[in-house]
Amino acid sequence: MKIRYTDVLVIGGGLAGLRAAIGAKRRGFDATILSLVPPKRSHSAAAQGGM
757 MKIRYTDVLV
767 IGGGLAGLRA
777 AIGAKRRGFD
787 ATILSLVPPK
797 RSHSAAAQGG
807 M
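Each residue of the sequence shown is one higher than the one before, counting from 757 in our numbering.
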């Protein structure tokens, strides 16, 4: 098993998770996003079809 070290671990690749990772990177932290699905298949992308 490979061990990865990061400053910020974001769980979920929807809009809120991506925004949190961008905010962390802008502040100089190393951010990693964990998601079960690719960003285009997240709940945020699916919800936009009904907006």
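Beta carbons: idealized from backbone N, C-alpha and C, even for Gly.
The beta carbon of residue 776 lies closer than 7 Å to those of 766 in the same chain, with the five residues before and after it left out. Residue 770 is a Cβ neighbour of residue 799, given a cutoff of 7 Å. Residues of the same chain with a CB within less than 6 Å of the CB of residue 786, apart from the 5 flanking positions on each side, are 762, 763 in chain order.
The three-state secondary structure of residue 774, taken from DSSP, is helix.
Excluding its 5 nearest sequence neighbours in each direction, residue 780 has C-beta neighbours in its own chain below 6 Å: 764, 787, listed in chain order.
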